[in-house]
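So the working numbering is basically just the index in the sequence shown, starting at one, shifted up by 498. A virtual CB, placed ideally from N, CA and C, is assigned to each residue, including glycine. Each remark here refers to the structure printed beneath this line.
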Amino acid sequence: MSHVPTLSEHQARELAEPYVRSVMRSIRGARLGPVRELRLGWFFPFHADEMCAGSNGVIINKETGHALVLGSAFSIERDFRFYDLGYQSKEYDLTITAVFDSRRTLDTLLALHLQIVDESFEHGTHWKIPRALTRDELAERLRTLPCRFSGVKLYFRLEALEEARVGRWFEVTLAAAEPENRAP
Numbered sequence: 499m500s501h502v503p504t505l506s507e508h509q510a511r512e513l514a515e516p517y518v519r520s521v522m523r524s525i526r527g528a529r530l531g532p533v534r535e536l537r538l539g540w541f542f543p544f545h546a547d548e549m550c551a552g553s554n555g556v557i558i559n560k561e562t563g564h565a566l567v568l569g570s571a572f573s574i575e576r577d578f579r580f581y582d583l584g585y586q587s588k589e590y591d592l593t594i595t596a597v598f599d600s601r602r603t604l605d606t607l608l609a610l611h612l613q614i615v616d617e618s619f620e621h622g623t624h625w626k627i628p629r630a631l632t633r634d635e636l637a638e639r640l641r642t643l644p645c646r647f648s649g650v651k652l653y654f655r656l657e658a659l660e661e662a663r664v665g666r667w668f669e670v671t672l673a674a675a676e677p678e679n680r681a682p
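Written out as C-alpha cells, the structure is:
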C-alpha cells in the first residue's frame, strides 16, 4: 500500500481560496480566516467586512484535497466532530448490508427522510416530484440486501445515522455521491 502525502497548510489554503470567492462572491472583503487543524483536514473559516450568513467555512481533506463547504445551521464543533468521524460529503449513496434491529433500522431510515422521485406526464408536462419513502416502502426494500439509497443528503441528519452506527442496528456503507473536490 502506497502512502498518500499529507497536504500542507499552504497547499490546503490554495485549494480553499476558490471556495471563498464562490460562496461569498457578493460579500465585501470576503477572505479565508486563520486555519485550524483537524485530525483529517484543514479548516478555513470565511471572514468578511460585512455581516453574512450561510457558511462557516471550508474543510480541505489532508489526504485527498477534497473540499467540504460547511453550512451555518450547526456549530463548527459539531461539524468538526462528524468530519473526523468520516462524514466528509454533503450527499451520499447509502448501502445497508445487514440489519440487526428491524424496528430501529426503520426508525432511523425514516429519520433520514429518504426520498424517491415520482414521475408522471400530464397536460404536456413531465413532472418529477420527490416524496419521502414510507415505513412500508422502506421495509419492503430492506427485504433484499444489500439495499442502496442514492443521493442521500445527511448534513441535517448525521446524529440519527451515527446513533444507529454506534448502536449497531444495521451495517451501512457510505460513498460520496457528489464530486466536491472541484473548485467552483
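Selected residue, minimal CA-CA separation from residue i, among the options
i: Leu592; options: His564, Asp599, Leu610, Asp582; result: Leu610
i: Ser573; options: Tyr590, Gly552, Glu589; result: Gly552
i: Gln509; options: Met522, Glu620, Gly539; result: Gly539
i: Val664; options: Val533, Glu535, Phe598; result: Phe598
i: Ala596; options: Ala674, Pro516, Val670; result: Val670
i: Val650; options: Ala571, Ile614, Ser506; result: Ile614
i: Leu631; options: Ala674, Leu640, Arg576; result: Leu640
i: Pro516; options: Ala565, Leu505, Arg534; result: Ala565
i: Ser587; options: Asn559, Ile594, Arg511; result: Asn559
i: Thr562; options: His621, Thr504, Ala675, His624; result: Thr504
i: Glu507; options: Met522, Val521, Glu535, Ser520; result: Glu535
i: Pro532; options: Leu568, Met522, Ser520, Arg511; result: Arg511
i: Arg601; options: Met522, Leu652, Leu636; result: Leu636
Exposed unless 16 or more other CB atoms sit within 10 angstroms - verdict on residue i
i: Lys626; result: exposed
i: Phe654; result: exposed
i: Glu668; result: Going by the sequence as given, residue 668 is Phe instead of Glu. Per the 10 Å Cβ criterion, buried.
i: Gly555; result: buried
i: Ala571; result: exposed
i: Arg666; result: exposed
i: Phe619; result: exposed
i: Leu583; result: exposed
Anticipated Cβ contact below 8 Å, residue i with residue j, distance rounded
i: Phe647; j: Leu672; result: With a Cβ gap of about 10 Å, Phe647 and Leu672 do not count as contacting.
i: Phe544; j: Val518; result: 6 Å
i: Ala546; j: Ala528; result: 5 Å
i: Arg690; j: Asp616; result: The first residue shown for the chain is 499 and the last is 682, placing residue 690 beyond what the model contains.
i: Tyr581; j: Ala675; result: The pair is not a contact, with the Cβ atoms about 17 Å apart (cut-off 8 Å).
Any chain D beta carbon closer than 8 Å to residue i
i: Ile614; result: No chain D appears in this structure, which consists of one protein chain only.
**Report entry** Cβ contact check for the stretch 656 to 667 and the stretch 602 to 620: 3 or more pairs under 8 Å
**Finding:** Yes, the stretch 656 to 667 touches the stretch 602 to 620.
Query - Segments of 3+ residues assigned as beta strand (DSSP E) that fall wholly inside the stretch 598 to 632 - result: Runs found: 613 to 620, 623 to 630.
**Report entry** Within the stretch 514 to 571, ranges of the beta strand (DSSP E) (whole runs, at least 3 residues)
**Finding:** Qualifying beta strand (DSSP E) stretches, in chain order: 539 to 545, 555 to 559, 565 to 568.
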